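Asks:
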Amino acid sequence: MSSSANIVLSARGIVKRFRSGDSELEILHGVDLDLRSGERLALMGPSGAGKSTLLHILGLLERPTFGAVDVDGRDAWALSTQERAALRNRHIGFVFQFYHLLPELDAVENVMLPAMIAQSRGDFREDRRAHIAKAMDLLANFGLSHRLKHRPTQLSGGERQRVALARALFLDPPLIIADEPTGNLDRDTGELVLELLFRAQEQRNLSLLLVTHDERLAERCGRVLRLEAGRILGPLPGRG
Amino acid sequence: MYRFFLSWRFLRSRRTNLIGVFGIFLAVGALILILSIMTGFLEETRRSARGSLSDLIITLPPYSESKRPRDPAPVLEILRADERVEGASAHLGWMCILTRQDERSLRILVDSQSSEIAGVKLTGVDPATEDSAAEFRHSLDKVGRSEEGEIVAPRLRVSKLEDPFAAPPEYNANVGRPRASVIVGEKVMTYHGLRRGSFITLMTAVPDPKSDTGWSAKKREFVVAGCFRSGENEIDLERVYIDRGQLARFLAGVSEDDPLPEDSILYSEVLVKLKDYAADAEDVRATMGARLYKAGLLDETCTIRTWEEFRGALLGAIENERVLMGIMLSLILVVAGFTIFAILSMMVTEKRRDIGILTALGATPRGVLALFLLIGFWDALIGALSGAVVGTWMAIKIDPFERWLSETFGVQIFNREVYLFDSIPSVVTPVAVAAIVLGAFVCTLLFAAVPAWRAASLDPVEALRNE
Numbered sequence: 001m002s003s004s005a006n007i008v009l010s011a012r013g014i015v016k017r018f019r020s021g022d023s024e025l026e027i028l029h030g031v032d033l034d035l036r037s038g039e040r041l042a043l044m045g046p047s048g049a050g051k052s053t054l055l056h057i058l059g060l061l062e063r064p065t066f067g068a069v070d071v072d073g074r075d076a077w078a079l080s081t082q083e084r085a086a087l088r089n090r091h092i093g094f095v096f097q098f099y100h101l102l103p104e105l106d107a108v109e110n111v112m113l114p115a116m117i118a119q120s121r122g123d124f125r126e127d128r129r130a131h132i133a134k135a136m137d138l139l140a141n142f143g144l145s146h147r148l149k150h151r152p153t154q155l156s157g158g159e160r161q162r163v164a165l166a167r168a169l170f171l172d173p174p175l176i177i178a179d180e181p182t183g184n185l186d187r188d189t190g191e192l193v194l195e196l197l198f199r200a201q202e203q204r205n206l207s208l209l210l211v212t213h214d215e216r217l218a219e220r221c222g223r224v225l226r227l228e229a230g231r232i233l234g235p236l237p238g239r240g
Numbered sequence: 001m002y003r004f005f006l007s008w009r010f011l012r013s014r015r016t017n018l019i020g021v022f023g024i025f026l027a028v029g030a031l032i033l034i035l036s037i038m039t040g041f042l043e044e045t046r047r048s049a050r051g052s053l054s055d056l057i058i059t060l061p062p063y064s065e066s067k068r069p070r071d072p073a074p075v076l077e078i079l080r081a082d083e084r085v086e087g088a089s090a091h092l093g094w095m096c097i098l099t100r101q102d103e104r105s106l107r108i109l110v111d112s113q114s115s116e117i118a119g120v121k122l123t124g125v126d127p128a129t130e131d132s133a134a135e136f137r138h139s140l141d142k143v144g145r146s147e148e149g150e151i152v153a154p155r156l157r158v159s160k161l162e163d164p165f166a167a168p169p170e171y172n173a174n175v176g177r178p179r180a181s182v183i184v185g186e187k188v189m190t191y192h193g194l195r196r197g198s199f200i201t202l203m204t205a206v207p208d209p210k211s212d213t214g215w216s217a218k219k220r221e222f223v224v225a226g227c228f229r230s231g232e233n234e235i236d237l238e239r240v241y242i243d244r245g246q247l248a249r250f251l252a253g254v255s256e257d258d259p260l261p262e263d264s265i266l267y268s269e270v271l272v273k274l275k276d277y278a279a280d281a282e283d284v285r286a287t288m289g290a291r292l293y294k295a296g297l298l299d300e301t302c303t304i305r306t307w308e309e310f311r312g313a314l315l316g317a318i319e320n321e322r323v324l325m326g327i328m329l330s331l332i333l334v335v336a337g338f339t340i341f342a343i344l345s346m347m348v349t350e351k352r353r354d355i356g357i358l359t360a361l362g363a364t365p366r367g368v369l370a371l372f373l374l375i376g377f378w379d380a381l382i383g384a385l386s387g388a389v390v391g392t393w394m395a396i397k398i399d400p401f402e403r404w405l406s407e408t409f410g411v412q413i414f415n416r417e418v419y420l421f422d423s424i425p426s427v428v429t430p431v432a433v434a435a436i437v438l439g440a441f442v443c444t445l446l447f448a449a450v451p452a453w454r455a456a457s458l459d460p461v462e463a464l465r466n467e
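Chains as they are written, first to last, in my numbering: chain A, 1 to 240; chain B, 1 to 467.
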């Protein structure tokens, strides 16, 4: 396949089972999924369909019972814990519904966190000025130049999600995984965050995997997949 | 990089960590302070025991059938020829009963419960050579001095340090017959109500082949030339110094000015002082023993002992107490460790979500483990270092500090009379301080390891579940 070169994320035959007591519960029954470079993909489905579990498996946070996840052409679950962590750090940016910022750090520090994790102490110290400048630049782009030294508790929901967005973009990963990024925001604020997310995605030619309940949001994505009862129903006709 | 940065941030943002830090501070400080004082006690006791005991003590019982020479000169000559030997001096020891013309003597003799005793160990010394082997003059000079060093009780001291057995100025040698002088222990002086120039009577028994019991009694009057203070209760209570020649005359039953008879008993032990006791004691004991034995100067009835063997029980007891104190105070460290364990466990529970975030952003379980271990490390670093500084400072300044406390609150905390120490002894050994600090680190990290391990094995997905 000529297009396989620009496939950023690929999942094959993902099965996930959970043990609960004596019985085994199968959440995902063999999911296949490809995400191309620069593609905007929405994953929809009712609660309990297994969206979160699939997202965690694709985000390399949870090991599938069967199946393989390739990120950047590498079979992620065949790698060592360290290598997989580095892959997550460099190739995947997460945006969560509940922002998930560290309360002890201010906005700039939260944005720089992926670099702190990636680099040794000496390297980080060397690049510190550059990192701070980059973080401030990103935050300023998102209209937060007056909020640089604020802690998460001093920020509004929309501001927090913009900081989280800047953090996800900080190491320029080719893939952004967003789990209901507007789910906890009012309509106007959500709209603003989405604008920023889509703009960044277009400018940087990122692949975006967006999990949402919102039909209107899904409509703005290039491709929509529906997950129901642990199976992909396929792209909705007439779209994409 | 995030491990250092975040561990420090987490530590600062949780004030409860200070409890753990304070616990370590307290444990390290108390351990250093108490162990320094115990070491000081041990060293001070060693020193005071050493003042009267010397490094090696060769005991040569003067049995009549022994073929050894009567005079100590050949033994001393061989010992002094060895380059590791600093000095050697002969002693003649004899047990006596001390009385004076006073009702006090009767009271002491009849009271079986009294700590005041009439029995004394009369010790014949050579004033010229005694100081080369023991701190003889030092114990004379300690008497009657104030803390500033000035002499406050001249009537207790010998009149001339250079000739300690000279007749005291209070004694008129022309009255009655001449008497030899003795120097009594400080406690003997007070218990018997003696002063310089007082007369005492010493009574004892000596072997006598002509007597049908094998022994005959001796009695003689002496004049007190002053007293000494060794700092060791037992010695200050029992010992009476006398010129060795005079003791030999007393035992032989000849007058103070007469020459000694051929068969008189001249010495019963030889004190040896070494240049480096710690390094040479055992070796000198073995080689000298062999050499003296070969020369026919020692036989099977003789023993060579180090002074520590004499004071073994006392030193062992103090050493034992020091170890026990160390163990008990280490329990504070364990309690501090538990506190840190509890605080960190709480923190891990509280920071589940943050741990999940870090994992999502690319942190490894190993990194999370290091992050929480580092919090314990900071606790130990701050607690142990401040504890070491304050503990060492307190140990150095304990004496003025105790005096200040006593004066301020009017309660005597340390009774210097009980211990016969002029100040609270305290010796800070850098190795001990380093060991305590190291122990604090090991203890803290061990206790921090459990919650850190728990943090590292958290399931990030579980931690990130939407609230």
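From the three backbone atoms N, C-alpha and C, an ideal C-beta is built for every residue, glycine too.
Remember, predicted model here, so these are calculated numbers, not experimental data.
#1: Using the three-state DSSP reduction, which class does phenylalanine 94 (chain A) fall into: helix, strand or coil?
#2: Does any C-beta atom of chain A lie closer than 8 Å to the C-beta of phenylalanine 377 (chain B)?
#3: Out of A:Ile176, A:Phe124, A:Leu206, A:Glu26, which has the shortest C-alpha to C-alpha gap to phenylalanine 66 (chain A)?
#4: So arginine 74 (chain A) contacts chain B; which residues on that side make the cut at Cβ distance below 9 Å?
#5: Can you tell me the Cα-Cα spacing of leucine 161 (chain B) and aspartate 141 (chain B), whole angstroms?
#6: With 8 Å set as the bound, which would you pick, yes or no: does the beta-carbon of methionine 1 (chain B) sit closer than that to a beta-carbon of chain A?
#7: Ignore the nearest five residues each way along the sequence and tell me which others in aspartate 258 (chain B)'s own chain have a CB closer than 8 Å to its CB.
#8: Nearest CA to the CA of arginine 104 (chain B): which residue from B:Ser426, B:Pro62, B:Val334, B:Glu116?
#9: Tell me whether the region 70-78 of chain B and the region 290-309 of chain B touch, counting them as touching only if at least three CB pairs, one residue from each stretch, are closer than 8 Å.
#10: For arginine 167 (chain A) versus leucine 113 (chain A), is the C-beta distance shorter than 8 Å?
#11: Quick check: the Cα distance between tyrosine 171 (chain B) and phenylalanine 310 (chain B), rounded to an integer number of angstroms?
#12: Does the count of Cβ pairs from the region 97-114 of chain A and the region 356-371 of chain B closer than 8 Å reach three?
#13: Roughly how many angstroms separate the alpha carbons of tyrosine 293 (chain B) and aspartate 55 (chain B), rounded to a whole number?
#14: Taking the beta carbon of serine 52 (chain A) as the centre, do at least 16 other beta carbons fall within 10 Å, making it buried, or is it exposed?
#15: Along chain B, which residues have their Cβ under 7 Å away from the Cβ of arginine 121 (chain A)?
#16: Going by the DSSP bridge assignment, what does aspartate 34 (chain A) pair with across the sheet?
#17: Who does methionine 95 (chain B) pair with in a DSSP beta bridge?
#18: For a contact meaning CB atoms closer than 8 Å, what does arginine 9 (chain B) contact in chain A?
#19: Between which residues of its own chain and serine 114 (chain B) is the CB-CB distance below 7 Å, once the five residues before and five after are set aside?
#20: Under 8 Å between the Cβ atoms of glycine 149 (chain B) and arginine 196 (chain B)?
#21: Are arginine 162 (chain A) and aspartate 106 (chain A) touching if we call contact CB-CB under 8 Å?
#22: Please name the residues in the region 356-378 of chain B whose beta-carbon is closer than 8 Å to at least one beta-carbon of chain A, in chain order.
#23: Counting C-beta neighbours from all protein chains within 10 Å, is the total for leucine 227 (chain A) 16 or more, i.e. buried, or is it exposed?
#24: Within its chain, find whatever has a CB closer than 7 Å to the CB of alanine 180 (chain B); leave out the 5 residues flanking it on each side and keep chain order.
#25: Would you report the Cα separation of arginine 285 (chain B) and glutamate 417 (chain B), rounded to the nearest angstrom?
#26: Taking C-beta to C-beta, are threonine 39 (chain B) and valine 334 (chain B) nearer than 8 Å?
#27: Could you tell me whether the region 179-197 of chain A touches the region 112-126 of chain A, using the rule of 3 or more Cβ pairs below 8 Å?
#28: Apart from the five residues just before and just after isoleucine 318 (chain B), which ones in its own chain have a Cβ nearer than 8 Å to its Cβ?
#29: Let's test the definition: count the other Cβ atoms within 10 Å of the Cβ of asparagine 320 (chain B) and tell me whether it reaches 16, buried, or not, exposed.
#30: My understanding is that isoleucine 232 (chain A) touches valine 31 (chain A), with C-beta atoms under 8 Å, so please give their C-beta distance in whole angstroms.
#31: Using the DSSP secondary-structure output, state which residues sit across from threonine 204 (chain B) in a beta bridge.
#32: Within 8 Å of any Cβ in chain A, is that where the Cβ of proline 460 (chain B) sits?
#33: So for phenylalanine 199 (chain B), helix, strand or coil by DSSP?
#34: Is the region 53-70 of chain B touching the region 374-384 of chain B in the sense that three or more CB pairs, one from each, lie closer than 8 Å?
#35: Under 8 Å between C-beta atoms, does glutamate 62 (chain A) make it to chain B?
#36: Quick one: residues in its chain with C-beta nearer than 7 Å to the C-beta of proline 62 (chain B), no 5 flanking neighbours on either side, listed in chain order?
Replies: Taking the structure as given:
#1: Locating residue 94 (chain A) in the first sequence gives position 94, counting from the first residue. It is a strand residue.
#2: The residue given as residue 377 (chain B) occupies position 377 in the second sequence. Answer no: the Cβ-Cβ gap between phenylalanine 377 (chain B) and chain A never drops below 8 Å.
#3: As a position in the first sequence, residue 66 (chain A) is number 66, starting the count at 1. Of the candidates A:Ile176, A:Phe124, A:Leu206, A:Glu26, the one whose C-alpha sits nearest the C-alpha of phenylalanine 66 (chain A) is A:Glu26.
#4: One-based indexing of the first sequence puts residue 74 (chain A) at position 74. Within chain B, no residue comes near arginine 74 (chain A); the closest Cβ sits about 15 Å away, beyond 9 Å.
#5: Residue mapping note: residue 161 (chain B) aligns to position 161 of the second sequence, counting from 1. Residue mapping note: residue 141 (chain B) aligns to position 141 of the second sequence, counting from 1. Taking the straight line joining both Cα atoms gives about 8 Å.
#6: As a working mapping, residue 1 (chain B) is identified with position 1 in the second sequence. With 8 Å as the cut-off, methionine 1 (chain B) counts as an interface residue toward chain A.
#7: For this step, residue 258 (chain B) is matched to residue 258 along the second sequence. For aspartate 258 (chain B), where only same-chain residues beyond five positions count, the Cβ hits under 8 Å are Arg249.
#8: For the purposes of this step, residue 104 (chain B) is identified with residue 104 of the second sequence, where counting begins at 1. Nearest option by C-alpha distance: B:Glu116.
#9: yes
#10: Looking up residue 167 (chain A) in the first sequence gives position 167. Looking up residue 113 (chain A) in the first sequence gives position 113. A contact, by the Cβ cut-off of 8 Å.
#11: In the second sequence, the residue the question calls residue 171 (chain B) occupies position 171. In the second sequence, the residue the question calls residue 310 (chain B) occupies position 310. Straight-line Cα distance between these residues: approximately 37 Å.
#12: yes
#13: Taking the first residue of the second sequence as position 1, residue 293 (chain B) is located at position 293. Taking the first residue of the second sequence as position 1, residue 55 (chain B) is located at position 55. If I take the Cα positions, the gap works out to 20 Å.
#14: Along the first sequence, read from residue 1 onward, the residue named residue 52 (chain A) stands at position 52. Classification of serine 52 (chain A): buried, given that the 10 Å Cβ count is 16 or more.
#15: For the purposes of this step, residue 121 (chain A) is taken as residue 121 along the first sequence, with counting starting at 1. What arginine 121 (chain A) touches in chain B: Met1, Phe4.
#16: Translated into the one-based positions of the first sequence, residue 34 (chain A) becomes position 34. In the DSSP assignment, aspartate 34 (chain A) is bridged to A:Ser10.
#17: Taking the first residue of the second sequence as 1, we reach residue 95 (chain B) at position 95. According to DSSP, which records beta bridges pairwise, methionine 95 (chain B) is partnered with B:Lys121.
#18: By one-based count along the second sequence, residue 9 (chain B) stands at place 9. Under the 8 Å cutoff, chain A gives Glu104, Leu105.
#19: For the purposes of this step, residue 114 (chain B) is taken as residue 114 along the second sequence, with counting starting at 1. Ile108.
#20: In the second sequence, the residue the question calls residue 149 (chain B) occupies position 149. In the second sequence, the residue the question calls residue 196 (chain B) occupies position 196. For glycine 149 (chain B) and arginine 196 (chain B), no; Cβs fall outside 8 Å.
#21: Looking up residue 162 (chain A) in the first sequence gives position 162. Looking up residue 106 (chain A) in the first sequence gives position 106. Cβ distance not < 8 Å, so arginine 162 (chain A) and aspartate 106 (chain A) don't count as in contact.
#22: Gly356, Ile357, Leu358, Thr359, Ala360, Leu361, Gly362, Ala363, Thr364, Pro365, Arg366, Gly367
#23: Here residue 227 (chain A) corresponds to residue number 227 of the first sequence, with the count starting at 1. Label assigned to leucine 227 (chain A): buried.
#24: By one-based count along the second sequence, residue 180 (chain B) stands at place 180. Once the five neighbours on either side are set aside, the close Cβ partners of alanine 180 (chain B) are Phe222, Ile242, Asp243, Gln246, Glu256.
#25: As a working note, residue 285 (chain B) is residue 285 in the second sequence. As a working note, residue 417 (chain B) is residue 417 in the second sequence. About 36 Å.
#26: Numbered from 1 along the second sequence, position 39 holds the residue referred to as residue 39 (chain B). Numbered from 1 along the second sequence, position 334 holds the residue referred to as residue 334 (chain B). No.
#27: They do not touch, by the three-pair rule.
#28: Taking the first residue of the second sequence as position 1, residue 318 (chain B) is located at position 318. Within the same chain, isoleucine 318 (chain B) has close Cβ partners Met38, Phe41, Leu42, Thr45.
#29: One-based indexing of the second sequence puts residue 320 (chain B) at position 320. Looking at its Cβ environment, which holds fewer than 16 other Cβ atoms inside 10 Å, asparagine 320 (chain B) is exposed.
#30: As a first step, residue 232 (chain A) is located in the first sequence; it is residue number 232 there, counting from the start. As a first step, residue 31 (chain A) is located in the first sequence; it is residue number 31 there, counting from the start. Correct: roughly 6 Å between the Cβ atoms.
#31: Along the second sequence, read from residue 1 onward, the residue named residue 204 (chain B) stands at position 204. Threonine 204 (chain B) pairs with B:Lys218.
#32: The residue given as residue 460 (chain B) occupies position 460 in the second sequence. At least one chain A Cβ lies under 8 Å of proline 460 (chain B).
#33: To locate residue 199 (chain B), count along the second sequence from 1; it is residue 199. Note: phenylalanine 199 (chain B) maps to strand in three-state DSSP.
#34: no
#35: If you number the first sequence from 1, residue 62 (chain A) lands on position 62. By this cut-off, glutamate 62 (chain A) is an interface position.
#36: Position 62 of the second sequence, counted from the start, is the residue given in the question as residue 62 (chain B). Excluding sequence neighbours, proline 62 (chain B) sits near Ile265, Ser268.
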